[in-house]
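*Asks:* So that we are looking at the same thing, I have put the structure below in structure tokens.
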Amino acid sequence: MSLLKTVDTDPIFSPRESKALPERLIAGNPAFKTWAQDVAKDDLVHTGVWEATPGETRSIKGDTFEFCHILSGVVEITPDAGEAMTYRAGDSFVMKPGFTGVWKTIETVRKIYVTVG
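Taking the numbering used here as reference, the numbering of the sequence shown is continuous, increasing by one, and the terminal residue is 117.
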């Protein structure tokens, strides 16, 4: 087992496809694709590529820490009781455990993610 993992930003294998949970959907009909690429530390750390079409959903991190690097597209993230932040290709950010807010995909977004928790 190699301890070095390259994240393929344009994977050729089929993604897991999903939709927003009804209780988290705010606007639109966003569709999600996830290309999971690595799991480590007894299933606590997950790495891969995720894509979403335009729409708005509630983002609730719970106990999960998530690092994101935007590959393409535009999103606006508004923490509860906070100001909206816009992220686009080349930007990176972290959502810490306990984060809650609104994730608005403005242009279909693709990101690299690393979650811990």
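All C-beta atoms, glycine included, are put in the ideal place defined by N, C-alpha and C.
Just so we're clear, the structure is a prediction, and the values are computed from it rather than from any experiment.
Between the Cα of Val116 and the Cα atoms of Met95, Lys19 and Glu83, which residue gives the shortest distance?
*Replies:* In the sequence shown, residue 116 corresponds to position 116, counting from 1. Minimum Cα distance to Val116 is reached at Met95.
*Asks:* How is Glu66 classed by DSSP in three states: helix, strand or coil?
*Replies:* Sequence index remark: in the sequence shown, residue 66 carries index 66 (1-based). Strand.
*Asks:* Out of Phe32, Ile112 and Ala36, which one is the CA nearest neighbour of Leu21?
*Replies:* Along the sequence shown, read from residue 1 onward, the residue named residue 21 stands at position 21. The candidate whose alpha carbon is nearest that of Leu21 is Phe32.
*Asks:* Pull the bridge partners of Arg88 from the DSSP assignment, please.
*Replies:* For the purposes of this step, residue 88 is taken as the residue at position 88 of the sequence shown. BP columns for Arg88 point to Val74.
*Asks:* Taking 7 angstroms as the limit between beta carbons, can you name the residues of its chain near Ala27, skipping five residues before and five after?
*Replies:* Here residue 27 refers to the residue found at position 27 when the sequence shown is read from its first residue. So the qualifying residues of the chain are Gly55 and Glu56.
*Asks:* Taking Ser59 and Gly101 to be in contact with their CB atoms under 8 angstroms, please state how far apart those CB atoms are, rounded to whole angstroms.
*Replies:* Taking the sequence shown and counting its residues from 1, one reaches residue 59 at position 59. Taking the sequence shown and counting its residues from 1, one reaches residue 101 at position 101. Ser59 to Gly101, Cβ: 5 angstroms. Contact.
*Asks:* Can you give the Cα-Cα distance for Asp10 and Trp50, rounded to whole angstroms?
*Replies:* Within the sequence shown, the letter at position 10 stands for residue 10. Within the sequence shown, the letter at position 50 stands for residue 50. Roughly 10 angstroms between the two C-alpha positions.
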